[in-house]
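Enquirer: In my numbering, the protein residues as written are 833 to 1172.
The beta-carbon is built from N, C-alpha and C at its ideal position, and this holds for glycine as well.
Note that the structure is predicted; figures quoted are calculated from it, not measured.
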């Protein structure tokens, strides 16, 4: 059984051996493994072989830099040079915290970036400062418009970190019926896709995981879900870009590995006290308690923040993922013996 510390170390070593600078590889590895800790295996180590292939092929330039395009004070826009999104969006989240401390509000975008994994992770720097953060991102088009048969939007994920105290609420969801990474995980395992999740490339409902992976996903909640996805695309693809989802190369298509995805990410961070003082903070706490007192569970409240994860906590990693990472270890000269 693999523990968190070993998984982080091995992921970082693989990324570093593939050409990424050590500090950025470390941040990226922590974000990847944290997805597994949170039980979002579809965005964790399962994705690492795809990231490594894209780095090798040039689709994620290992030495990509974050360059400032616009800086108005509370608003900062970066260009990511096509690089992998994890370290880039984490750096943007940390910058958003610094700007929010000064202005009470911050909007930070990263254009021309890559996949960033579990979007809710990038609300963590804000939560640690007591701030509320909204996060938006786009990706390859896999969702047709309601009533249509051609994919125009991605899974259009949206996330929010809400400082409800003592444990924060972390909302993280795809606006498709399911995150595409879950389809990829089912395809790897050869497990049928539940009915209502996916369409094949002709727009016919399917339970075949391979047909679903290379086909389309249904929107969450029908027409309303598509409208929400449209809003996310307008923020991430429209404001940040440069690619709208229809132009984003597919991570799961081998032929697209050399092509930069040029994904857009946007973070909006808000200081509750600048809106309503201590009473605003108290209202957020009351909101969370009202959910619990009514017999419910606050969204994401069971997610342990990265700094609080026990390093010897065990992770369950799919056998095929272990085999793929071990193969990469042999190729890159990285000891992956602690995986399993």
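Using a Cβ distance threshold of 8 angstroms, determine whether the stretch 834-846 contacts the stretch 858-874, with at least three qualifying pairs required.
Expert: yes
Enquirer: State buried or exposed for residue 899, treating a residue as buried only when at least 16 other CB atoms are found within 10 Å of its CB.
Expert: So residue 899 counts as exposed.
Enquirer: How about residue 965 and residue 1009: do their beta carbons lie closer than 9 angstroms?
Expert: no
Enquirer: Going by the beta-carbon positions, is the gap between residue 1098 and residue 967 smaller than 9 angstroms?
Expert: Taking the C-beta atoms as reference points, residue 967 is found nearer than 9 angstroms to residue 1098.
Enquirer: Got a sec? Which residues, its chain only, sit under 6 angstroms from residue 1143 by beta carbon, not counting five neighbours each side?
Expert: If the five residues before and after residue 1143 are omitted, its C-beta is found closer than 6 angstroms to the C-beta atoms of 836 and 837, all from its own chain and listed in chain order.
Enquirer: In this structure, what does DSSP give as the bridge partners for residue 1008?
Expert: 1051
Enquirer: How many Å lie between residue 881 and residue 911 at the Cα?
Expert: Distance from the CA atom of residue 881 to the CA atom of residue 911, rounded to whole angstroms, is 25 angstroms.
Enquirer: Which whole-angstrom value describes the C-beta separation of residue 1044 and residue 1025, a residue pair presumed to lie in contact below a C-beta threshold of 8 angstroms?
Expert: 5 angstroms
Enquirer: Measure the alpha-carbon distance for residue 1132 versus residue 956 and round it to whole angstroms.
Expert: 12 angstroms
Enquirer: Quick one: complete beta strand (DSSP E) runs, 3+ long, within the stretch 934-962?
Expert: 937-945
Enquirer: Tell me whether residue 911 sits in a helix, a strand or coil according to DSSP, three-state version.
Expert: strand
Enquirer: Only counting the same chain, and skipping five residues up and downstream in sequence, which positions put a Cβ closer than 6 angstroms to that of residue 1123?
Expert: 1130
Enquirer: Comparing C-alpha positions only, which one of 907, 1112, 859 and 960 sits nearest to residue 917?
Expert: 859
Enquirer: Please report the distance separating the alpha-carbon of residue 1062 from that of residue 1165.
Expert: 44 angstroms
Enquirer: Measure from the alpha carbon of residue 996 to the alpha carbon of each residue in 897, 962, 935 and 1027, then state which is nearest.
Expert: 962
Enquirer: Could you tell me whether the stretch 931-949 touches the stretch 1101-1110, using the rule of 3 or more Cβ pairs below 8 angstroms?
Expert: yes
Enquirer: In angstroms, rounded to a whole number, what distance separates the CA positions of residue 901 and residue 1038?
Expert: Put simply, the backbone Cα of residue 901 is about 43 angstroms away from that of residue 1038.
Enquirer: Looking only at its chain, what residues have a beta carbon closer than 6 angstroms to the beta carbon of residue 1089, apart from the 5 residues adjacent to it on each side?
Expert: 885, 886, 889 and 891
Enquirer: Identify whether residue 1097 lies in helix, strand or coil by the three-state DSSP scheme.
Expert: strand
Enquirer: Please report the straight-line C-alpha distance between residue 893 and residue 1135, rounded to a whole angstrom.
Expert: Within the model, the alpha-carbon separation for residue 893 versus residue 1135 is close to 31 angstroms.
Enquirer: Span of the beta strand (DSSP E) holding residue 969?
Expert: Where residue 969 is concerned, the enclosing beta strand (DSSP E) starts and stops at 964-969.
Enquirer: Tell me which residues share the same chain as residue 1050 and place their Cβ nearer than 7 angstroms to its Cβ, disregarding the 5 neighbours each side in the sequence.
Expert: Leaving aside the five residues that flank residue 1050 on each side, the residues in its chain whose CB is nearer than 7 angstroms to its CB run, in chain order, 1008, 1009, 1028, 1029, 1030 and 1031.
Enquirer: Should the stretch 847-865 be called in touch with the stretch 979-993, which here means at least 3 C-beta pairs below 8 angstroms?
Expert: no
Enquirer: Which same chain residues end up closer than 8 angstroms to residue 865 when comparing Cβ atoms and leaving out the 5 residues on each side of it in sequence?
Expert: 836, 839, 840, 843, 876, 877 and 1147
Enquirer: Out of 944, 998 and 945, which one is the CA nearest neighbour of residue 1114?
Expert: 998
Enquirer: Out of 984, 1079, 1001 and 1022, which one is the CA nearest neighbour of residue 1035?
Expert: Its Cα nearest to that of residue 1035, the residue 984 stands out among 984, 1079, 1001 and 1022.
Enquirer: By Cβ distance, which residues of its chain are closer than 7 angstroms to residue 978, with the 5 residues on each side in sequence left out?
Expert: Cβ neighbours of residue 978 beyond the five flanking positions: 1051, 1054, 1055 and 1058.
Enquirer: Can you round the beta-carbon distance between residue 1094 and residue 914 to whole angstroms, since I take them to be within the 8 angstroms contact cut?
Expert: Taking C-beta atoms under 8 angstroms as the contact rule, residue 1094 and residue 914 qualify, at a distance of about 7 angstroms.
Enquirer: Assuming residue 1110 is part of the alpha helix (DSSP H), what are its boundary residues?
Expert: 1104-1125
Enquirer: Can you give me the start and stop residues for the alpha helix (DSSP H) that residue 865 sits inside?
Expert: 854-869
Enquirer: Assign residue 1146 to one of three DSSP states: helix, strand, or coil.
Expert: Three-state DSSP puts residue 1146 in a strand.
Enquirer: Of the choices 931, 940 and 897, whose alpha-carbon is the least far from that of residue 909?
Expert: 940
Enquirer: Thinking residue 976 and residue 1048 are a contact (beta carbons under 8 angstroms), I'd like their distance in whole angstroms, please.
Expert: 5 angstroms
Enquirer: Inspect the beta-carbon positions of residue 1096 and residue 903 and report whether they are closer than 9 angstroms.
Expert: no
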